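Asks:
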Amino acid sequence: MIFSFKLIITLSFFVIISSVTEVNAQSLTCYQCGYSITSGSYVSVDGKVFHPEHFTCAYCGRSIGNTQYYKDNGNYYHPDHYKQFIAPKCAVCGQPIEGQYVEYEGKIYHKNHYEEQIALLCSFCGLPINGTYSKTFWGESYHDYHEGRVVKCDYCQRYISDEKTAGGIRYDDGRNICGICLTSVINDDNVARHLFEEVKKELRRYGIDIRWDEIGLYLVDRNYLSSLTDENRVIEKQTGFTYHRFETFRGTVRNKKFDIYILKGIPEMEFISTAAHELMHVWMYLNAPYDMDKAISEGSANYASYLVLKNRSLYRAKYLIDNLEKDQDYFYGDGYRRIKRLVRAKRVNGWLNIVTGKERMPTGY
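Quick note on numbering: the sequence shown equals residues 0 to 364 in numbering that gives the first Met the number 0.
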């Protein structure tokens, strides 16, 4: 949103009454009635002359007389009539506006009333936002000039502050997390394993049955996680990785092992989403061709995250779904949206059959 303060300049004057003399008697014509002014006095305004009784208020029609008047749009008014009936009014106090004002959503305000009662306030500094700004999923608004100058939480994108997020901390691996997100972080291996098994059960209800009991689960920091992969995806976005290896004997796979690594210290909902993503990779390693299109593979893994998030009522789940929907990465974002369209057309069973090679991918996906 961009707007600026505007200025109302209200012109007020005092009537100047002059006397008719022999010099000007033949050249004065009343602007109102069109007759010559040959005697007595006259009013001179804006290069026009009037009989005093014909210099009238545009609102009431009565003579303005020998007093102050207001001018607006070429019309003249008694001061009281102008202020009460003609002058623009502040939408807060209802009083006439003279001087600086703000126009916002079709209404106008005294500058101070706008800033005190109407203005959008920056969620970080608390000052009115008078120019461009950004708005988060959480409904918070921030001045654009805070971008890059104030630390954001890596898990909710709020600006970290004592007042709004109860502070925050910086992990040793460089991640920043706010006090809000800290309340649900997963750091305990037993808690992580319990949530992990719950996610496996949820996926099973959709036909994603991971029949492999020995899946290693490790909570690691970002430095360790980044050492496991050579992908170009921005490491700040990566919260998990699945490592699989297998042995073959005479062309037959005899032994498979899966290890899943998830970032330590991420909020619970992010852990659940990440677990679903990585477990979907395990399912695909067990059931799908190894040379699968990466966009289909990562899109399917993200869709598994969507499946476990969509029935959760917490607003944070909706936030993570929103991130899935808006991801601009070709493999993760576009791939996810392709799978979502595919499921709408073929349902979950059709999608899983296509992933495993039992059905062909239809055109257009």
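Glycine included, C-beta positions come from ideal geometry on N, C-alpha and C. As the structure is a prediction and not an experimental result, all values here were calculated from the model.
Mind the definition here: the segment 273–281 touches the segment 304–316 only if three or more C-beta pairs lie below 8 Å; say whether that holds.
Replies: The segment 273–281 vs the segment 304–316: in contact.
Asks: How would you write the range of the alpha helix (DSSP H) that residue 264 sits in, first residue to last?
Replies: No alpha helix (DSSP H) holds residue 264; DSSP gives it neither H nor E.
Asks: In chain order, what residues of the same chain lie with their CB nearer than 8 Å to the CB of residue 151, ignoring the 5 residues before and after it?
Replies: Here the set comprises 157, 158, 159 and 175.
Asks: Flag this pair as touching only if the segment 298–305 and the segment 327–338 have three or more C-beta atom pairs under 8 Å; answer yes or no.
Replies: Yes: the two stretches touch, three or more of their Cβ pairs being nearer than 8 Å.
Asks: What residues match up with residue 133 in a beta bridge as DSSP calls it?
Replies: Note: residue 133 sits in a beta bridge opposite 141.
Asks: Answer with buried or exposed for residue 165, where buried requires no fewer than 16 other C-beta atoms within 10 angstroms of its C-beta.
Replies: When all chains shown are included, residue 165 counts as exposed.
Asks: Does the segment 283–298 come close enough to the segment 317–326 to have 3 or more Cβ pairs within less than 8 Å?
Replies: In short, these stretches do not touch, since the Cβ pair count stays below three.
Asks: Taking residue 113 as part of the beta strand (DSSP E), name the residues at either end of that continuous run.
Replies: Counting along the chain, residue 113 falls outside any beta strand (DSSP E), and DSSP gives it neither H nor E.
Asks: Looking at the unbroken beta strand (DSSP E) that takes in residue 109, where does it start and where does it end?
Replies: Note, residue 109: beta strand (DSSP E), 106–109.
Asks: Identify, in the order they occur along the chain, each residue of the same chain with its Cβ nearer than 7 Å to the Cβ of residue 90, setting aside the five sequence neighbours on each side.
Replies: These residues qualify, in order along the chain: 106, 107 and 108.
Asks: Tell me the rounded alpha-carbon separation between residue 360 and residue 254.
Replies: The straight-line gap from Cα to Cα measures roughly 30 Å.
Asks: Does DSSP classify residue 22 as helix, strand or coil?
Replies: Residue confidence for residue 22 is low, a pLDDT of 46 falling below 50, so the modelled location carries little weight and cannot support an answer.
Asks: Pull up the DSSP beta-bridge partners for residue 217, would you.
Replies: Residue 217 pairs with 260.
Asks: Please name the residue or residues paired with residue 47 in a DSSP beta bridge.
Replies: Per DSSP, 44.
Asks: Taking the beta strand (DSSP E) that residue 102 falls in, what are its first and last residues?
Replies: 98–103 is the extent of the beta strand (DSSP E) around residue 102.
Asks: Starting from the C-beta of residue 169, find all residues in its chain whose C-beta is less than 6 Å away, skip the five residues before and the five after it, and write them out in chain order.
Replies: Only 175 meet the Cβ criterion.
Asks: Strictly by DSSP, which residues pair up with residue 239?
Replies: Answer is 261, bridged to residue 239.
Asks: I need the boundaries of the beta strand (DSSP E) containing residue 177, first residue and last residue.
Replies: Element bounds for residue 177: 175–177.
Asks: Beta strand (DSSP E) containing residue 71: first to last residue?
Replies: Note, residue 71: beta strand (DSSP E), 67–71.
Asks: Consider the Cβ of residue 200: report whether some Cβ of chain D lies at a distance smaller than 7 Å.
Replies: Here there is only one protein chain, and chain D is not present.
Asks: Grouping DSSP H, G and I as helix and E and B as strand, with all else coil, what is residue 309?
Replies: Three-state DSSP puts residue 309 in coil, outside helix and strand.
Asks: Helix or strand or just coil, what does DSSP make of residue 4?
Replies: With a pLDDT of only 47 at residue 4, under the threshold of 50, the placement of this residue in the model should not be trusted; the figure read from the coordinates follows. Looking at residue 4 - three-state DSSP - the assignment turns out to be strand.
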